[in-house]
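Structure, as structure tokens:
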Amino acid sequence: MKRGQRVSETHIMVLPYPSQGHINPMLQFSRRLASHGPRVTLVIPTASIYNAQASSINIEIICEGLEKRKEEERTEDYVEHFRMVASQSLAELTKKHSRSSHPAKISVGR
Numbered sequence: 001m002k003r004g005q006r007v008s009e010t011h012i013m014v015l016p017y018p019s020q021g022h023i024n025p026m027l028q029f030s031r032r033l034a035s036h037g038p039r040v041t042l043v044i045p046t047a048s049i050y051n052a053q054a055s056s057i058n059i060e061i062i063c064e065g066l067e068k069r070k071e072e073e074r075t076e077d078y079v080e081h082f083r084m085v086a087s088q089s090l091a092e093l094t095k096k097h098s099r100s101s102h103p104a105k106i107s108v109g110r
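This is the structure we're talking about:
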């Protein structure tokens, strides 16, 4: 964030690690960030969708290409595939937001 920039003009994108137990803490973190004034967008992969809606947080869903994932697949393979496919979806989302009236200024991920 630039020095002197107003907090209300700041847009932060939060990207939780794509595994069970990581989304809720990042949702809570997003709520705390939003309580200080910036616009916050929580980016959730389609395979991780659940009923978590918060009025002060925008939720965006990205395709991570794991709809056909095999249960026996190794975690390392899952994470590597997620990084490759989700990075393209995230780039498209970032481009979309860059053209909006509130482009993201900060991205937070785990």
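Numbering (full-length UniProt numbering), first residue to last: 1 to 110.
We put the beta carbon where it would ideally sit given N, CA and C, even for glycine.
The shortest CA-to-CA distance from Met13 to any of Ile44, Glu80, Val79 is the one to Ile44. In this structure, the CA atom of Val85 is about 32 Å from the CA atom of Ser35. Bridge partners of Gly109 according to DSSP: Leu15. Ile57 and Met26 have their C-alpha atoms roughly 11 Å apart. Distance between His11 and Lys105, taken at the CA atoms: about 5 Å.
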